[in-house]
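The next block holds one structure in the form of structure tokens; read it before the comments.
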Amino acid sequence: MKSLEELKKLRDESLKKMTMRYVKDGFRIQVGMGTCGIASGARPILATFLEEVEKNDLGNVSVTQVGCMGECAYEPMAELIDEQGQSFVYCNLTEATAREVILRHVMNHEPISKLLLTTKKG
Amino acid sequence: MLERNQVLICGGTGCMSSNSKEIKAEFEKQLTSFDLTSEVGLVLTGCFGLCEKGPIIVVYPEETFYTHVKVEDVKDICSEHLLKGRPVERLMIKDPIDKKKIKNMSQLKFYAKQKRIVLRNCGNINPLDINEYIAKDGYQALADVLTSYTPQQAIDEVTKSGLKGRGGGGFSTGKKWQFAKNSESDQKYVICNADEGDPGAFMDRAVLEGDPHSILEAMAICGYAIGANQGYIYVRAEYPVAVERLNNAIKQAREYNLLGDHLFDTDFSFDIDIRLGAGAFVCGEETALIASIEGYRGMPRLKPPFPAIKGLWGKPTNVNNVETFANIPVIFLKGADWFKSIGTENSSGTKVFALGGKINNTGLVEVPMGTTLREVIFDIGGGIPNKRRFKAVQTGGPSGGCITEKDLDTPIDFENLKNLGSMMGSGGMIVMDEDNCMVDVARFYLDFTVDESCGKCTPCREGTKQMRDILNRICEGQGTLIDLDALEVLAHMIQKTSLCGLGQTAPNPVLSTLKHFREEYIAHVVDKACPAGVCRELTNFVIEDNCIGCTICARNCPVNAISGWPKQIHRIDLELCIGCGACKKTCPVGAISSQPMNQETSL
Chain A
3 MKSLEELKKL RDESLKKMTM RYVKDGFRIQ VGMGTCGIAS GARPILATFL EEVEKNDLGN
63 VSVTQVGCMG ECAYEPMAEL IDEQGQSFVY CNLTEATARE VILRHVMNHE PISKLLLTTK
123 KG
Chain B
197 MLERNQVLIC GGTGCMSSNS KEIKAEFEKQ LTSFDLTSEV GLVLTGCFGL CEKGPIIVVY
257 PEETFYTHVK VEDVKDICSE HLLKGRPVER LMIKDPIDKK KIKNMSQLKF YAKQKRIVLR
317 NCGNINPLDI NEYIAKDGYQ ALADVLTSYT PQQAIDEVTK SGLKGRGGGG FSTGKKWQFA
377 KNSESDQKYV ICNADEGDPG AFMDRAVLEG DPHSILEAMA ICGYAIGANQ GYIYVRAEYP
437 VAVERLNNAI KQAREYNLLG DHLFDTDFSF DIDIRLGAGA FVCGEETALI ASIEGYRGMP
497 RLKPPFPAIK GLWGKPTNVN NVETFANIPV IFLKGADWFK SIGTENSSGT KVFALGGKIN
557 NTGLVEVPMG TTLREVIFDI GGGIPNKRRF KAVQTGGPSG GCITEKDLDT PIDFENLKNL
617 GSMMGSGGMI VMDEDNCMVD VARFYLDFTV DESCGKCTPC REGTKQMRDI LNRICEGQGT
677 LIDLDALEVL AHMIQKTSLC GLGQTAPNPV LSTLKHFREE YIAHVVDKAC PAGVCRELTN
737 FVIEDNCIGC TICARNCPVN AISGWPKQIH RIDLELCIGC GACKKTCPVG AISSQPMNQE
797 TSL
């Protein structure tokens with residue numbers, strides 16, 4: 003350790019692994035992983051979310067899994083809760099659309115209305 | 197891949213003794229079988245403080261707080277919570293008021309009322325990984341001090357913060373550093389006093405186990421301030437986990453050159469070694485501690501000269517307690533003014549208490565100075581179990597005294613506790629209920645000091661022994677009223693003439709119980725009865741008229757001394773009764789009490 007800068011760099015790097023223990027506000031992505039969710043392929047979706055969060059260095063996003071959301075026909079689904087606490091339910095996700103959710107909604111604050119459950123159900 | 201869940205397993209000594217290591221191994225096994233190892237992180241942390249409910253596991257990011265986890269429960273947590281996202285309700289804690297399960301750590305009242313400065317990282321970071329400490333701004337205070345403070349400025353900052361020694365004395369830390377700095381010498385030393393000896397106090401152990409780097413960092417800061425380049429941590433060998441984690445921390449810090457030569461490219465060099473103590477109470481006294489490090493018998497010597505003038509190997513030495521050191525990095529990170537703003541006028545900051553005895557939430561709590569005893573015992577500690585009534589709380593361990601119900605609303609700080617005839621001590625807080633006999637409690641503490649007296653000075657060696665003999669006599673029913681006066685005379689004599697703090701404070705438990713519970717002593721010597729039913733020779737258990745005839749006492753009596761038909765008042769045969777108190781503990785209506793002998797014969 004030679005300088006304060008070096009220490010700060012190491013701190014920021016180490017902090018990345020621990021953010022979930024300290025960041026309370028920010029985006030929260032909850033992937034539906036009941037039996038229905040898992041059967042329709044929620045696991046790769048979850049992995050995609052995690053990869054994207056890591057790749058884009060998003061410190062304010064926590065990804066977690068929840069049970070069945072009750073709309074099994076629309077699985078895989080993920081609920082995104084934004085910084086204001088507003089909830090958006092995305093459904094029929096694929097790895098490509100999951101990536102899009104991160105890029106457009108989380109990073110640019112543009113909800114993708116065509117993927118929302120409210121839109122699909124009409 | 198980035199981890200989506202992190203499972204924090206308590207690795208404090210309390211939880212380790214209830215299998216938290218095996219639980220971690222089981223998690224590793226289960227996570228592998230569910231193929232979750234890349235998504236779920238496992239971290240063994242320091243103590244969470246709520247030792248009563250251990251082993252404790254917290255799952256982030258939800259902050260789900262699992263208690264009393266067994267190895268068999270791990271599979272459920274993995275398959276339900278970690279795989280499917282359904283937290284396991286049966287392992288959560290129940291809210292005592294509305295009986296709902298507490299889903300989230302922040303809903304726990306136990307933590308809500310605390311302010312954690314010393315324990316900031318305990319239960320939050322992995323103590324075996326220096327990177328996690330650095331992530332929580334670790335070693336930044338050291339870097340700051342080395343690059344932008346002069347030694348004098350560093351000391352001024354500590355003085356300004358108002359930090360007082362947390363080991364018991366309550367002496368200003370800044371002043372202590374100043375004395376050591378003012379001594380001229382080619383060699384000085386910093387010592388961390390981790391010889392935690394009070395019965396029932398374990399906050400220093402929690403810090404060493406849960407956040408060892410904070411101590412290393414603080415010692416280096418102290419070294420810079422007073423001009424020392426070598427530090428020693430004097431820790432008892434009875435704390436194997438703490439020793440192991442300290443060794444590991446020192447190794448890692450050396451690898452990162454946070455200990456060693458030319459820290460942060462300055463001219464300042466500092467290194468730390470560990471010295472193991474054999475666990476003698478007197479070695480918590482700084483001159484005895486120094487003698488022990490030098491290889492001599494741990495016995496105190498006359499002060500002055502203080503260690504700041506003539507300490508380890510005759511060189512100026514600064515000795516601070518673990519908890520005191522744990523405050524130092526935060527003071528430099530957040531500023532002395534911030535620290536001063538917490539607590540009371542004369543006692544700034546927080547204090548960690550080890551709650552024990554008759555209390556629901558046994559464990560470690562950290563509260564700002566000025567919090568009342570009632571808040572600590574009833575709000576955070578959860579009150580007394582089994583619907584018993586609060587009787588007294590002993591603070592300061594064998595050097596302190598007891599505080600009764602009427603003083604419960606006193607704000608805790610160094611001065612107030614002293615005025616109440618007790619002391620802060622290292623922060624042990626032992627709660628007693630109506631089933632505790634205060635004479636017996638005083639005898640227990642005196643037993644401890646008699647054992648731990650080093651024997652160097654006569655008042656402490658002989659005086660405490662005489663006092664204990666008197667107390668033994670009282671407990672056996674041989675005491676007289678003159679004994680009570682003799683106790684007081686002896687107590688004051690020992691206080692005035694003993695060499696070190698151990699002897700000077702040893703009579704405190706007797707004096708304070710005599711002051712607050714004199715009627716109980718009188719019951720022992722005049723009525724020959726122990727009202728709490730603890731001293732066997734003086735116990736005459738009687739079943740009173742509110743007995744409901746449930747037969748529970750008769751079934752629990754080990755010598756079948758209780759007779760009576762269901763739904764009728766039972767009787768105890770005092771010829772057979774051995775005074776064990778098993779019946780009193782099990783009685784659902786509190787109908788069994790200990791009465792003076794003469795009253796019993798008239799019944």
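The listed protein sequences derive, respectively, from chains A and B. So the number in the numbering used here is just where the residue sits in the first sequence, counting from 1, plus 2. So the number in the numbering used here is just where the residue sits in the second sequence, counting from 1, plus 196. No residue lacks a Cβ here, since even glycine has one placed at the ideal position from N, Cα and C.
Just tell me which of the options has its CA closest to the CA of residue i.
i	options	result
B:G552	B:D533, B:N542, B:P762, B:G577	B:G577
B:L412	B:I330, B:E482, B:T483, B:C479	B:I330
B:I580	B:N556, B:G596, B:G566, B:D605	B:N556
B:G242	B:I429, B:Y307, B:R441	B:R441
B:A424	B:A376, B:S789, B:D723, B:P436	B:A376
B:G366	B:M620, B:S410, B:D533, B:I273	B:M620
B:L613	B:N668, B:N632, B:T591	B:T591
B:N582	B:S229, B:K781, B:C206	B:K781
B:L404	B:R200, B:V354, B:L455, B:N322	B:N322
B:I205	B:E218, B:E285, B:I524	B:E218
B:C743	B:A438, B:L695, B:P784	B:P784
B:P705	B:I489, B:S618, B:F535	B:S618
B:G760	B:P754, B:P408, B:I748	B:I748
B:G208	B:L227, B:A221, B:N201, B:I253	B:I253
B:V515	B:K296, B:P503, B:I573	B:P503
B:D609	B:N668, B:P594, B:S543	B:S543
B:L529	B:A339, B:P500, B:D769	B:A339
B:P512	B:N668, B:I626, B:K225, B:N378	B:N378
How about residue i and residue j: do their beta carbons lie closer than 8 Å?
i	j	result
B:K547	B:R362	yes
B:C776	B:D636	no
B:P283	A:T66	no
B:I351	B:Q374	yes
B:I326	B:A449	yes
B:Y452	A:M3	yes
A:V108	A:L60	yes
B:H766	B:A750	yes
B:G822	B:E434	Residue 822 of chain B lies beyond the stretch modelled for chain B, which goes from 197 to 799, so this question has no answer here.
A:I31	A:P78	no
B:H712	B:T568	no
B:I527	B:V341	no
A:V55	B:L198	yes
B:L287	B:F230	no
Rounded to whole angstroms, how far is the Cβ of residue i from the Cβ of residue j, which I believe are closer than 8 Å?
i	j	result
B:G623	B:F521	Their Cβ separation, rounded to whole angstroms, is 15 Å, which puts B:G623 and B:F521 out of contact at 8 Å.
A:L6	B:T343	6 Å
B:D629	B:R570	That belief does not hold up - the Cβ atoms of B:D629 and B:R570 are roughly 15 Å apart, past 8 Å.
A:A44	A:G34	6 Å
B:N317	B:G406	6 Å
B:T260	B:K290	Contact doesn't hold; Cβ gap of about 14 Å is too wide.
B:Q679	B:V721	Per the sequence presented here, residue 679 of chain B reads as Asp, with Gln not at that position. The pair is a contact, with the Cβ atoms about 6 Å apart (cut-off 8 Å).
B:M634	B:T709	4 Å
A:N62	A:G87	About 14 Å separates the two Cβ atoms, so there is no contact after all.
B:F223	B:V203	6 Å
Report the partner residues of residue i according to the DSSP bridge assignment.
i	result
B:P607	B:T568
B:Y262	B:I253, B:M288
B:F549	B:V561
B:A588	B:T600, B:M628
B:D469	B:Y428
A:Q168	Here chain A comprises residues numbered 3 to 124, so residue 168 of chain A is not present and cannot be evaluated.
A:F90	A:L82
B:F737	B:S790
B:I768	B:I758
Answer yes or no: does any C-beta atom of chain D fall closer than 8 Å to that of residue i?
i	result
B:R432	Structure shown: chain D not included; protein chains present are A and B.
- prompt: Is the segment 490–501 of chain B in contact with the segment 370–377 of chain B, if contact means three or more CB pairs nearer than 8 Å?
  reply: no
message: Between the segment 684–697 of chain B and the segment 648–659 of chain B, can you find at least three pairs of beta-carbon atoms closer than 8 Å?
response: yes
query: Pairing CB atoms from the segment 234–243 of chain B with CB atoms from the segment 459–469 of chain B, are three or more of them under 8 Å?
result: no
task: State whether the segment 213–220 of chain B contacts the segment 260–267 of chain B, with contact taken as three or more CB pairs (one from each stretch) at a distance under 8 Å.
output: yes
field: Sufficient close CB pairs (3 or more, under 8 Å) joining the segment 373–391 of chain B to the segment 106–117 of chain A
entry: no
- request: Decide yes or no for the touch test of the segment 661–678 of chain B against the segment 712–721 of chain B: beta carbon pairs closer than 8 Å, at least 3 of them.
  value: yes
Meets three-Cβ-pair contact criterion under 8 Å: the segment 556–567 of chain B and the segment 526–544 of chain B: yes
- prompt: Would you say the segment 392–411 of chain B touches the segment 482–493 of chain B, given that touching needs at least three Cβ pairs under 8 Å?
  reply: no
task: Say whether the segment 639–646 of chain B touches the segment 736–746 of chain B, bearing in mind that this needs 3 or more beta-carbon pairs closer than 8 Å, one atom from each stretch.
output: no
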